[in-house]
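J.: Below is the structure I would like to discuss, written out as structure tokens.
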Amino acid sequence: MPKRLELTGKKFHRLTVIGFSHVEKGLTRWKCICECGKETIVRGDYLKNGTTKSCGCLVKETMAMTATKHGHCAGNRLPPEYRAWTKMKRRCTRPNEQAWESYGGRGITICDRWLNSFENFIADMGEKPFKGAEIDRIDVNGNYEPDNCRWVTKTQNCENRRKKSNSTSGYKGVSWEKARNKYRAYISVNGTRILLGRFPNALDAAIAYDDAALKYFGQYACTNAMMGLI
């Protein structure tokens with residue numbers, strides 16, 4: 003068994019390690035005292051990589067400061083922008099999250115400016131411009147960073163996505179229709195699926211999808227051509 007790295011006496015942000023606590027699931031836990039005076043137990047890797055910086059008081063202070071500066075908190079309710087930020091972090095940093103495979107699992111990361119600072123995130127993105135707005139990456143293969151993110155509608159966000167991993171045609175918006183022995187092109191607009199036509203080959207169907215995507219979604223379209231599929 004490898005020798006445990008001694009952290010006692012070391013300080014990580016607001017936390018000072020006062021002693022070893024225990025090992026759980028192969029990971030060391032350390033007793034820490036926060037600058038606010040509260041004791042807490044933290045995973046060693048979370049201390050070293052900066053995931054945990056306080057006993058929880060830092061988050062509360064940040065939220066209070068945000069409420070004062072930006073009017074983002076109503077009572078004890080978390081603002082929608084904060085929820086968007088935390089969901090973004092979870093799908094990029096936690097392998098046990100359902101969406102991990104499509105984000106962190108394929109290399110999508112969050113810029114250093116946003117990763118541990120909601121203040122920076124809200125300063126760059128601003129408040130949601132309308133109810134239900136979702137954060138969208140302009141380049142679906144790019145990372146979460148100021149130049150590649152915007153607030154969009156749910157429909158726009160759904161459109162600006164790659165082809166499904168289980169696509170049998172190899173193209174977005176195209177499926178094989180066995181009964182007619184042809185490829186079918188379709189697109190969803192505001193929750194309604196629109197049939198664009200049936201074609202003898204998948205490439206023609208993919209081109210029809212791309213034309214419709216640009217027509218209905220313009221700058222929010224993620225076409226087969228943009229993904230390098232045609």
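Going by my numbering, the first residue of the sequence shown is number 3, and it counts up by one from there. The beta-carbon is built from N, C-alpha and C at its ideal position, and this holds for glycine as well. This structure is a prediction, so every number in the text was calculated from the model and none was measured.
Cβ of Ala-204 within 8 Å of Cβ of Tyr-185?
T.: Tyr-185 sits close to Ala-204, with the two beta carbons spaced by under 8 Å.
J.: DSSP three-state call for Gly-107: helix, strand or coil?
T.: helix
J.: To the nearest whole angstrom, what separates the beta carbons of Gly-172 and Tyr-188, a pair I think is in contact under 8 Å?
T.: Not really, about 16 Å apart at Cβ, beyond 8 Å.
J.: Find the nearest neighbour of Asp-114 within the set Leu-231, Asp-47, Pro-97 and Pro-148, judged by alpha-carbon distance.
T.: Asp-114 has its Cα closest to that of Pro-148, out of Leu-231, Asp-47, Pro-97 and Pro-148.
J.: Please list, in chain order, all residues of the same chain as Met-3 whose beta carbon is under 7 Å from its beta carbon, the five residues on each side excluded.
T.: Bear in mind that a pLDDT of 46 at Met-3, under 50, signals an unreliable position, so the model cannot answer this.
J.: Where does Leu-197 fall in DSSP's three states?
T.: strand
J.: Using three-state DSSP, classify Met-3 as helix, strand or coil.
T.: Any answer about Met-3 is weak, because its pLDDT of 46 lies below 50 and its placement is not dependable; what the coordinates show is given next. Here Met-3 sits in coil by DSSP.
J.: Check the C-beta distance from Asp-32 over to Leu-9 and give it rounded, since I have them as a contact under 8 Å.
T.: Residue identity check: residue 32 is Trp in the sequence provided, not Asp. Confirmed, about 6 Å.
J.: By how many angstroms is the C-alpha of Val-154 removed from the C-alpha of Pro-202?
T.: One Cα belongs to Pro-202, the other to Val-154, and the distance between them is close to 35 Å.
J.: Assign Glu-26 to one of three DSSP states: helix, strand, or coil.
T.: Collapsing the DSSP output to three states places Glu-26 in a strand.
J.: Does the distance from the CB of Tyr-146 to the CB of Met-90 come in under 8 Å?
T.: With respect to the 8 Å criterion, Tyr-146 and Met-90 are classified as neighbours on the basis of their beta carbons.
J.: Classify Pro-81 as buried or exposed, calling it buried when 16 or more other Cβ atoms lie within 10 Å of its own Cβ.
T.: buried
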